[in-house]
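**Student:** This is the structure I have questions about; it appears just below.
In my numbering, the protein residues as written are 20 to 275.
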């Protein structure tokens with residue numbers, strides 16, 4: 020009985036030693052092979068693709084599906100054309116762009132949202148005009164955003180996830196004064212609301228506006244306003260809901 024037990028114990032120890040040896044060999048092989056594979060190579064930029072040989076003021080926009088839309092003014096003066104190029108994941112950039120609006124118009128801006136809706140706003144003489152495209156839809160007719168006489172400068176555009184639009188600009192009212200104006204488009208009403216003018220400061224020099232939507236759907240506007248002499252550019256803000264009115268401007272930065 021004792022001899023059999025010793026033999027069984029010795030056999031178990033040999034099996035354990037064999038398992039440990041095999042495990043050590045496997046670990047050694049792993050250490051030898053791993054450096055050969057090395058870390059994955061970092062991603063690199065693809066070869067550039069020429070979308071247009073003549074272009075100005077480009078911008079790029081992405082939706083939630085990963086579709087990219089490039090926007091630019093293309094072609095020679097004075098018959099340049101605003102246009103877009105669309106790239107879907109795994110696809111190729113098109114060789115021919117999609118023209119937007121009439122040829123020969125002035126400054127333009129473009130915005131898209133995650134759902135795929137888009138809006139295009141451009142200068143047309145003394146008018147500020149726009150076209151809206153719902154998600155998975157077609158571009159709508161030309162709409163007049165503003166007819167306040169222009170000239171319209173520093174146009175900024177925002178489009179929220181629901182498809183509502185806000186656009187702002189400043190307009191010179193004389194050689195030494197300027198006003199900030201803003202217009203909203205309600206997706207529910209499918210029309211632009213009347214243009215609002217922000218109350219001017221003591222110098223009536225309101226410049227550099229920008230606009231954005233909060234997650235609640237409220238619109239937030241910021242702009243600079245010159246204070247009385249000695250003049251400093253103050254940063255002001257105002258907000259509203261689509262159905263409401265603009266709040267009294269709040270100064271964010273002290274004069275100077």
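We put the beta carbon where it would ideally sit given N, CA and C, even for glycine.
Could you check which residue in 229, 157 and 167 has the C-alpha nearest to that of residue 185?
**Tutor:** 229
**Student:** Please identify the residue among 116, 207 and 223 whose C-alpha is closest to the C-alpha of residue 179.
**Tutor:** 207
**Student:** On a CA-only basis, which of 237, 259 and 224 is nearest residue 253? Give me that one, please.
**Tutor:** 224
**Student:** Classify residue 76 as buried or exposed, calling it buried when 16 or more other Cβ atoms lie within 10 Å of its own Cβ.
**Tutor:** exposed
**Student:** Measure the C-alpha to C-alpha separation of residue 121 and residue 100 and round it to an integer number of angstroms.
**Tutor:** 7 Å
**Student:** Between 249, 220, 226 and 202, which lies nearest to residue 258 when the distance is taken from Cα to Cα?
**Tutor:** 202
**Student:** According to the Cβ coordinates, are residue 148 and residue 141 closer than 8 Å?
**Tutor:** yes
**Student:** Identify which residue in 33, 109 and 90 has its Cα closest to the Cα of residue 65.
**Tutor:** Comparing C-alpha distances from residue 65 to each of 33, 109 and 90 shows the shortest one belongs to 109.
**Student:** Does the Cβ of residue 81 have 16 or more other Cβ atoms within 10 Å, making it buried, or fewer, making it exposed?
**Tutor:** exposed
**Student:** Using only the alpha-carbon positions, how far apart do residue 119 and residue 58 sit?
**Tutor:** So the two alpha carbons sit approximately 46 Å from each other.
**Student:** Short of 8 Å in beta carbon distance, which residues of its chain neighbour residue 150, apart from the five on each side in sequence? Order them along the chain.
**Tutor:** Excluding residues within five positions, the ones whose Cβ falls inside 8 Å are 119, 120, 138, 139, 158, 159, 160, 161 and 162.
**Student:** For residue 215, tell me which candidate among 117, 238 and 246 has the shortest Cα-Cα distance.
**Tutor:** 238
**Student:** Excluding sequence positions up to five away, which residues of its chain have a Cβ less than 6 Å from the Cβ of residue 143?
**Tutor:** 124
**Student:** According to DSSP, is residue 75 part of a helix, a strand, or is it coil?
**Tutor:** strand
**Student:** Going straight from the alpha carbon of residue 134 to that of residue 261, what length do you get?
**Tutor:** 20 Å
**Student:** Quick check: what's the CA-CA separation for residue 155 versus residue 132?
**Tutor:** 12 Å
**Student:** To the nearest angstrom, how far is it from the Cα of residue 111 to the Cα of residue 91?
**Tutor:** Roughly 18 Å separates the two Cα atoms.
**Student:** Does the Cβ of residue 305 have 16 or more other Cβ atoms within 10 Å, making it buried, or fewer, making it exposed?
**Tutor:** A query on residue 305 cannot be resolved here, the shown segment of the chain reaching from 20 to 275 and no further.
**Student:** Counting only runs that start and end within the segment 116 to 154, where is the beta strand (DSSP E) found for 3 or more residues in a row?
**Tutor:** 117 to 119, 127 to 131, 137 to 143 and 146 to 152
**Student:** Exposed or buried, what is residue 93 when buried is set at 16 or more other beta-carbons lying within 10 Å of its beta-carbon?
**Tutor:** Buried, by the Cβ-count rule.
**Student:** Count the other CB atoms within 10 Å of the CB of residue 248; is the residue buried (16 or more) or exposed (fewer)?
**Tutor:** exposed
**Student:** What's the gap between the Cα of residue 265 and the Cα of residue 145?
**Tutor:** Distance between the alpha carbons of residue 265 and residue 145 is about 25 Å.
**Student:** What's the call for residue 70, buried or exposed, on a 16-neighbour Cβ count within 10 Å?
**Tutor:** That one is buried.
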